[in-house]
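Protein sequence lines, in the order shown, are assigned to chains P and U. Read in order, the letters of the first sequence are residues 33 to 407 in the numbering used here. Read in order, the letters of the second sequence are residues 2 to 130 in the numbering used here. Quick reminder that beta carbons are idealized off the backbone N, C-alpha and C, glycines included. In this text, all values refer to a predicted model and were calculated from it rather than measured experimentally. Single-structure report; data block below.
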Amino acid sequence: MPQTATTRHTALLDWHRRRGARLVDFAGWRMPVHYSGVLAEHRAVRERVGLFDVSHMGEISVRGSGAEAFLQWLTPNDVVKLRPGRAHYSALLNEAGAFIDDLLLYRFDSEVFLLVVNAANVAADLEWIRSHLRGTVSVEDASAATALLALQGPRSASVLAQVVSQELDALSSFGFFEGAVAGVDGFVSRTGYTGEDGFEIYVPVEAAVSVWESLLAAGSDDGVLPVGLAARDTLRLEAGLMLHGNDIGPSTTPLEAGLGWVVKLHKGDFVGRRALLRQKEEGVARRLIGFELSGRRIARQGAPLFDAGKPVGTVTSGTWSPTLGKAIGMALVAVASADRGSELEVQVRGKNEPVRAVGLPFYRRPTNPNRRHRL
Amino acid sequence: MSYPDDRKYSPEHEWLRIEGPDGVLGITDFAQDELGDVVFVELPEVGDSFDSGEEIGTIESVKAVAEIYTPVGGEILAVNESLEDQPELLNSDPHGSGWLVRVRLRDVEETKKLMTAGEYAELVGPDGA
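This is the structure:
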């Protein structure tokens, strides 16, 4: 894509350029796709630690005495049960119960929340939120002021520990704390999009370069690498994590995507609930599956799937899995063909290749019994 | 990136080194850099014949797939078998051990339309030179 006048960039663009990153336009942003190479960067995150600039992500603050009730109605997960200092995975759903966006919802205190949303959807999300406002709530787009750096991998905690004063052992998955990171005030959550232990670090854009460089310096002994969007995609796909616009979107519901756990149908009314209740009762017509190819060809987004010659679905994401050493992907498939172990075919450049439906995720990180004592 | 003088170049970012009646075909350093890490190379069978401009195979990288179009017609005499187990040779040594196929040239005249190293370096510009 040509770079247009409207292409935005993060505070780290010059750093990425200087370090020889290959740049790409993604969701209206000029972003690093890789630095040393997608395979090396992928391996760094699985085996050691990697640092991502994902400042293109959007941050929307929702606050006020009515914020909890508003978000409880606007999003499908249970906001009332979300404690301060915790985040959870959730979504904005339309009336059909399908994804306007998926998001992380952070709760700072009883009246202050932050939604972290996909870069491509910030404007649409804001419009949706504002057009549904109820009660005493203020909504603010904090995206332009906020940089987001993701430190991911088995050694991420030992790297982060060098630049924060908090005891990271006490920070559980999806917990977060506010405090200084390399001397800069921000907040840090134990979250990520890679399937590894890791952290997402939110700081003011003015401080993005200095925090980024401090993290790289802190991680140099652990072999930290800057990681681009290409490896972010292979990592998230191995981990079975959805990408909005590929695997989920405005015509896919959480029930079809295997994300029923996000939808708390019995918490009370919320946007999309009626459609989801009906879909649950009637059963879904198609499901998102994982698949593996036996050959080395990659079945990419849009490739059609067949079951005994009959079209049954479409690939939503496909890539080469560096960890498994095989081509993998996700696809939306008619339920009759979606069982684990189903033998299907996918058409890749005019040729049919056998694929097997498998469970998600493709990769689960090894549990480390020593983690609690390592720091 | 530098482009050896001992061969010719196509606008599709392939190189062709002429060795007597044969041509050895590969992709350029610029092309491998554009593709990123290569995970799979699909090559023709020895004995297959192609016209110039025909697709003879594909290169699959993590992020994209690229067709290989032969800039010259002829019969495939050999394919680089090492690429089956080491597709990464295309990234690490595109002008050498990452060669793709050896072709018996059908018409040497077809090689005349190809570019010199200097012309090719100019085509890909300062970022690729």
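Each of GLU13/U, SER3/U, PRO12/U and THR29/U was checked against the Cα of GLY99/U, and the nearest Cα belongs to THR29/U. The beta-bridge partner set that DSSP reports for GLN184/P consists of GLY82/P and GLY230/P. With contacts defined by Cβ atoms closer than 9 Å, VAL73/U and VAL42/U do not form a contacting pair. Against chain U, the CB of HIS48/P has no partner CB under 9 Å away; the residue lies outside that interface. Under the three-state reduction of DSSP, GLN87/U is assigned to coil, being neither helix nor strand.
Listed along chain U are VAL40 and VAL63, each with a C-beta nearer than 7 Å to that of TRP352/P. By alpha-carbon distance to GLY327/P, the top candidate from HIS66/P, ALA177/P and SER353/P is SER353/P.
Taking C-beta atoms under 8 Å as the contact rule, ASN150/P and HIS41/P fail to qualify, at a distance of about 17 Å. Residues of the same chain with a CB within less than 8 Å of the CB of PHE145/P, apart from the 5 flanking positions on each side, are SER93, VAL94, ARG95, ALA99, GLU100, LEU103, VAL111, LEU137, TYR138 and ARG139 in chain order. At a cut-off of 9 Å, the C-beta of ASP30/U has no neighbouring C-beta in chain P. The secondary-structure analysis by DSSP pairs VAL303/P with nothing; it has no beta-bridge partner. Restricting attention to beta strand (DSSP E) runs no shorter than 3 residues, the segment 266-337 of chain P encloses them at 318-325, ordered along the chain. Residues of chain U whose Cβ lies closer than 8 Å to the Cβ of GLY69/P are, in chain order, GLY37, ASP38 and ASN92. The residue from TRP16/U, ASP7/U and LYS9/U with its alpha-carbon nearest to that of PRO95/U is TRP16/U. Relative to the Cα of PHE338/P, the nearest Cα in the group SER349/P, GLU313/P, ALA368/P and ARG310/P belongs to ALA368/P. The DSSP-derived three-state label of VAL169/P is coil. For the segment 242-267 of chain P, the set of residues with a beta-carbon nearer than 7 Å to any beta-carbon of chain U comprises ALA262 and THR266, in chain order. ILE360/P does not reach chain U, its nearest Cβ partner there being about 12 Å away, counting only Cβ pairs nearer than 9 Å. Within the DSSP secondary-structure output, HIS120/P pairs in a beta bridge with LEU137/P. Within chain P, ARG329, ILE330, ARG332, VAL380 and ARG381 have C-beta atoms less than 9 Å from the C-beta of VAL66/U, given in sequence order. Counting C-beta atoms within 10 angstroms of its own C-beta, HIS298/P has fewer than 16 neighbours from the protein chains shown and is therefore classed as exposed. Each residue's CA atom was taken as its position, placing VAL390/P and ASN153/P some 30 Å apart. Listed in chain order, the non-local C-beta contacts of ARG332/P below 7 Å within the same chain comprise VAL347 and GLY350, local neighbours out to five positions each way being set aside.
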